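In UniProt numbering, the protein residues as written are 1 to 213. Since the structure comes first, as structure tokens, the remarks are kept for the end.
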């Protein structure tokens with residue numbers, strides 16, 4: 001992790017990503033099954049039998065929030081669940097599909113403030129926990145950044161974070177377009193979250209254009 005806003009790594013061991021599965025609704029036809037099989041062949045770590053429909057419904061890109069980065073950005077030395085909620089609510093009000101990714105251990109960590117907000121976001125489907133477990137006194141945590149970038153890449157999503165994900169770019173050059181062109185940074189001013197009008201610089205698209213497919 002490149003960004004200082006992320007949690008410290010004391011007694012935390014980061015593991016590689018395990019498989020991700022998005023269950024389908026109802027039985028698939030043989031053609032859908034063939035398409036699903038092809039998806040698995042292309043990327044064995046992520047399986048999506050049904051493609052994301054956000055583009056067809058609204059024209060707005062899905063928003064993928066780096067939960068730890070946003071939470072520590074708001075809370076400074078503490079993990080702020082409120083910061084995540086403020087950020088997620090902003091994009092929901094604009095009509096975006098929003099997904100927040102967090103390591104599972106954050107749910108009951110003593111540095112986590114307002115955990116009931118996380119419970120509510122998990123219940124409504126906004127919050128997705130990445131795997132973590134404790135063994136031999138150590139917390140084993142799968143690398144949440146990989147889930148974030150991979151999900152955004154697969155669904156045409158924008159990543160909200162102040163991380164630059166250079167380690168993952170080196171790991172998988174196919175994520176270059178997502179990391180370089182679909183990263184939306186932010187600034188906290190108290191409880192106000194601000195985004196640049198020109199996310200890719202003054203010669204790039206404005207924020208309204210950036211948020212659309």
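No residue lacks a Cβ here, since even glycine has one placed at the ideal position from N, Cα and C. Source: prediction; values computed, not measured.
Assigned with DSSP and collapsed to three states, residue 197 falls in coil, not helix or strand. Counting other Cβ atoms within 10 Å of its Cβ, residue 99 reaches 16 or more and is therefore classed as buried.
As computed with DSSP, residue 79 is found in a beta bridge with 112.
Counted as a single uninterrupted DSSP element, the beta strand (DSSP E) harbouring residue 101 occupies residues 98 to 103.
In terms of CA proximity to residue 48, 151 leads the group 68, 151, 118.
The beta carbon of residue 168 sits closer than 8 Å to the beta carbons of 145, 146, 149, 175, 179 from its chain, once the five residues preceding and following it are set aside; these are given in chain order. Cβ contact annotation for residue 111 (same chain, cutoff 7 Å, sequence separation greater than five): 78, 79, in chain order. When the alpha-carbon of residue 189 is set against those of 58, 73, 57, the nearest one is in 73.
A distance below 7 Å between beta-carbons, with the five flanking residues on each side excluded, links residue 59 to the following residues of its chain, in chain order: 212, 213.
Per DSSP, reduced to three states, the secondary structure at residue 66 is strand. Taken atom to atom, the span from the alpha-carbon of residue 81 to that of residue 173 is near 32 Å.
Annotated three-state conformation of residue 146 is helix, per DSSP.
Positions of the alpha helix (DSSP H) runs, each at least 4 residues long and wholly inside the stretch 151 to 177, are given as 166 to 171 in order along the chain. Segment contact: the stretch 112 to 131 against the stretch 155 to 170, fewer than three CB-CB distances shorter than 8 Å; contact not assigned.
Annotation: residue 94 is outside any beta strand (DSSP E) and is labelled neither H nor E by DSSP. In the DSSP secondary-structure assignment, residue 134 is bridged to 139. Ranked by Cα distance from residue 66, the options 204, 198, 186 are led by 186. DSSP places residue 184 in the strand class (E or B) of the three-state scheme.
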